[in-house]
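The opening residue of the sequence shown carries number 1 in the UniProt record's numbering; numbering runs sequentially from there.
Below is one structure, written out as structure tokens; the observations come after it.
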Amino acid sequence: MSPLRTVFLGVAFLRDLTLSSVAVARAVVDPRRAAPGFVTVPLTLARTDVEITLVANYITLTPGTLTVDVSADRRTLLVHALEADEAGIRADIAAIEVRVTGATR
Numbered sequence: 001m002s003p004l005r006t007v008f009l010g011v012a013f014l015r016d017l018t019l020s021s022v023a024v025a026r027a028v029v030d031p032r033r034a035a036p037g038f039v040t041v042p043l044t045l046a047r048t049d050v051e052i053t054l055v056a057n058y059i060t061l062t063p064g065t066l067t068v069d070v071s072a073d074r075r076t077l078l079v080h081a082l083e084a085d086e087a088g089i090r091a092d093i094a095a096i097e098v099r100v101t102g103a104t105r
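Listed below in structure tokens is the structure:
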């Protein structure tokens, strides 16, 4: 584990937590902004149980998103999002994977 990358992961999580909290608050104030749905997200970097768990928990702890399932082959996550922009969700989770694997390897 890289201590510096672990700190970076923590700071990035706090930033994402803040930004997503604001997005959820906006959706509560104006429900027309919300477009909830499920998105299937392939895992490209996370392979170990620890990495997959960290990615899934990062998603779940961020307001507006929830990891619903990890596929049997551990290659795909099913995510529910308040604003289910498929391409955006996949890009965000890919960035999360990079940060998590950077901190754990």
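Where is the CB? At the ideal position from N, CA and C, for every residue including glycine.
Bear in mind that the values here come from a model prediction, so they are computed numbers and not experimental data.
Please tell me whether residue i and residue j are closer than 8 Å, where the distance is taken between their beta carbons.
i	j	result
Ala84	Val28	no
Val100	Tyr58	yes
Leu45	Glu86	no
Give me whichever residues DSSP pairs with residue i in a beta bridge.
i	result
Pro42	Thr76
Glu51	The partner list for Glu51 (beta bridge, DSSP) is empty, contrary to what the question assumes.
So, at 8 Å on beta carbons, what are the nonlocal neighbours of residue i in its own chain, with the 5 sequence-adjacent residues on each side left out?
i	result
Ile89	Val39, Val41, Thr65, Val79, Ala81
Arg47	Arg74
Roughly how far, in whole angstroms, is the beta-carbon of residue i from the beta-carbon of residue j, given that I think they are within contact range, below 8 Å?
i	j	result
Ser20	Ala103	Not quite, the Cβ-Cβ distance comes to about 20 Å (not below 8 Å), so this is no contact.
So, for residue i: in the same chain, excluding its five sequence neighbours on each side, which residues have a beta-carbon less than 6 Å away from its beta-carbon?
i	result
Val68	Leu78, His80
Leaving aside the five residues before and after residue i along the sequence, list all residues of the same chain whose C-beta is less than 7 Å from its C-beta, in chain order.
i	result
Glu51	Val100, Thr101, Thr104
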